[in-house]
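Enquirer: Each residue of the first sequence is one higher than the last, beginning at 46 in the working numbering. We put the beta carbon where it would ideally sit given N, CA and C, even for glycine. Pasting a structure here, questions to come.
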Amino acid sequence: MTFKERVLKVVSQIPRGKTLTYSQVAEIAGSPKAARVVGSILKENFDPKIPCHRVIRSNGTPGEYNRGNKEKIRLLKEEGAL
DNA sequence: GAGCTGACATGTT
DNA sequence: CAACATGCCAGCT
46 MTFKERVLKV
56 VSQIPRGKTL
66 TYSQVAEIAG
76 SPKAARVVGS
86 ILKENFDPKI
96 PCHRVIRSNG
106 TPGEYNRGNK
116 EKIRLLKEEG
126 AL
């Protein structure tokens, strides 16, 4: 089980309407300081089972998104997470 | 195993 | 408030 797999699993388990920060995901995955790695992994993953838009920065800003940063914000609004 | 990379975080300037 | 600098660490070559 690599860190990547754990990150994907964690993100896939984020409930609708909720958001986690990259740090939180990294922490749950087992490496609290590997927030960057989390991003690197999410950008490569296009699996619909992984709601990467629910993962945001620690300061509350959305961060980046493979389908467009605007889309990420919109999705969060749709789900009521924002 | 070494080096480079980067969807981050936090502190300075 | 924005730009810059440093630390951090797993993935990839």
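Secondary structure at Leu127, three-state DSSP: helix, strand or coil?
Expert: Working through the first sequence from its first residue, we reach residue 127 at position 82. It is coil, neither helix nor strand.
Enquirer: Do you know how far the Cα of Gly84 is from the Cα of Glu124?
Expert: Taking the first sequence and counting its residues from 1, one reaches residue 124 at position 79. Taking the first sequence and counting its residues from 1, one reaches residue 84 at position 39. Cα to Cα, Glu124 sits roughly 21 Å from Gly84.
Enquirer: Since Thr64 and Ala126 are thought to touch, with beta carbons under 8 Å apart, how far apart are those beta carbons, to the nearest angstrom?
Expert: On the first sequence, residue 64 is found 19 positions in, with the first residue counted as 1. On the first sequence, residue 126 is found 81 positions in, with the first residue counted as 1. With 8 Å as the limit, Thr64 and Ala126 qualify as a contact, their Cβ atoms being about 5 Å apart.
Enquirer: For Ile73, name the three-state secondary structure that DSSP assigns.
Expert: Counting from one through the first sequence, the residue named residue 73 turns up at place 28. Helix, per DSSP.
Enquirer: Check Ile59 in the structure and name its three-state DSSP category.
Expert: Locating residue 59 in the first sequence gives position 14, where the first residue counts as 1. It is coil, neither helix nor strand.
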